[in-house]
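Novice:
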Amino acid sequence: MKTYVIIPAGGKGIRSGTATPKQYLRFKKKELIVYTIEAFQKNKLVNEIIISAEPDYFSLLAKLKKKYKLTKLKTIVKGGRKRQDSVYNALKSIKANRNDLIVVHDAARPLLPQKTLSNALITAKAKGNALVCLQAGDTIIKGHNSVNKYIDRMEKAYKDKFYGTDESMLVKRIGKTINIVEGSLFNFKITNKADFELFKKLI
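Letter 180 of the sequence shown, counting from 1, is numbered 179 in numbering that gives the first Met the number 0, and no numbers are missing.
(1) Closest by CA to E53, which one among K29, F187, K66, D84?
(2) On the DSSP bridge list, what partners appear for E181?
(3) For D137, count the other beta carbons within 10 Å of its own beta carbon; 16 or more makes it buried, fewer makes it exposed. Which is it?
(4) If S92 and I49 are in contact, beta carbons under 8 Å, what's the gap, nearest whole angstrom?
(5) Can you tell me whether E47 is buried or exposed, with buried defined as 16 or more other CB within 10 angstroms of its CB?
(6) Where do the ends of the alpha helix (DSSP H) carrying L100 lie?
(7) Leaving out five residues before and five after A106 in sequence, what residues of the same chain have Cβ atoms less than 6 Å from its Cβ?
(8) Can you give me the C-alpha to C-alpha distance between K73 and L100, rounded to a whole angstrom?
(9) What does DSSP give as the partner residues of E47 in its beta bridges?
(10) Taking the C-alpha atoms as reference points, what is the distance between A123 and A95?
(11) According to DSSP, is F187 part of a helix, a strand, or is it coil?
(12) Look up L31 in the DSSP assignment and say whether it is helix, strand or coil.
(13) Please tell me whether N128 and M0 are closer than 8 Å, where the distance is taken between their beta carbons.
(14) Output the distance between the C-alpha atoms of A119 and V86, rounded to the nearest integer angstrom.
(15) Taking just the CA atoms, how far does K126 sit from G10?
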């Protein structure tokens, strides 16, 4: 069983009020997205990382991969109009077997604790999926019978003109039980200037 991580990074940083998308801003001389990727690079249960991004940032991501030895980053694909589109594009690039796991994690959640990640992966392997959350959904890990079936479900959502705020909505929509894994306050999403300041103090 392999574990693939999809990091949708196509956001333009409109809410953060920065000219450069927030995931590419530098903190202590390191881009935000590198902190996020490193959380998965360090985890022994993770095999491959796929990023969906704006083509303008493909070359930067390639440089960061080399600079920080992000060996698990295997594929960079074009992001979509919305998060769901970006995840779908990444899914189509994966050649997974029927029992492999798919993780989806926001590029702007750079402080995912290793314990939280590992607990989610173990739960997903045992029960088929896992949703890491406190009061709202953060990361989802899908362990369906096959990636193709999940793509079919996304295509059904498109056919019905349905966009979920996260992947768990798509899974729940087709009648699946979502398995909850306790999250961490450190796994917050960086959205505004106050989040930037908190992140600076934590790294």
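For each residue, glycine too, the CB sits at the ideal point set by N, CA and C.
Since the model is a prediction, treat every value here as computed from it, not as a measurement.
Specialist: So, from the listed chains and residues:
(1) Within the sequence shown, residue 53 is the residue found at index 54, counting from 1. When each option's Cα is compared against that of E53, the closest is D84.
(2) The residue given as residue 181 occupies position 182 in the sequence shown. E181 is bridged to C132.
(3) In the sequence shown, counting from the first residue as 1, residue 137 sits at position 138. Because the pLDDT at D137 is just 49, under 50, the model does not fix this residue reliably, and the point stays unresolved.
(4) If you number the sequence shown from 1, residue 92 lands on position 93. If you number the sequence shown from 1, residue 49 lands on position 50. Rounded, the Cβ-Cβ distance is 6 Å, consistent with contact.
(5) Counting from one through the sequence shown, the residue named residue 47 turns up at place 48. Counting Cβ neighbours within 10 Å, E47 comes out buried, since at least 16 surround it.
(6) Translated into positions along the sequence shown, residue 100 becomes position 101. Where L100 is concerned, there is no enclosing alpha helix (DSSP H), although the beta strand (DSSP E) it sits in stretches over 100 to 103.
(7) Here residue 106 refers to the residue found at position 107 of the sequence shown. The answer, listed in chain order, is I6, A8, Q22, I32, T35.
(8) As a position in the sequence shown, residue 73 is number 74, starting the count at 1. As a position in the sequence shown, residue 100 is number 101, starting the count at 1. Distance between the alpha carbons of K73 and L100 is about 16 Å.
(9) Working through the sequence shown from its first residue, we reach residue 47 at position 48. E47 is bridged to Y3.
(10) Along the sequence shown, one-based indexing puts residue 123 at 124. Along the sequence shown, one-based indexing puts residue 95 at 96. Rounded to whole angstroms, A123 to A95 spans 16 Å at the Cα level.
(11) Locating residue 187 in the sequence shown gives position 188, where the first residue counts as 1. In the structure shown, F187 sits in coil (DSSP, three-state: anything other than H, G, I, E or B).
(12) Working through the sequence shown from its first residue, we reach residue 31 at position 32. Three-state DSSP puts L31 in a helix.
(13) Along the sequence shown, read from residue 1 onward, the residue named residue 128 stands at position 129. Along the sequence shown, read from residue 1 onward, the residue named residue 0 stands at position 1. Against a cut-off of 8 Å, the Cβ pair of M0 and N128 comes out as no contact.
(14) Here residue 119 is taken as the residue at index 120 of the sequence shown, counted from 1. Here residue 86 is taken as the residue at index 87 of the sequence shown, counted from 1. About 19 Å.
(15) One-based indexing of the sequence shown puts residue 10 at position 11. One-based indexing of the sequence shown puts residue 126 at position 127. The alpha-carbon atoms of G10 and K126 are separated by roughly 31 Å.
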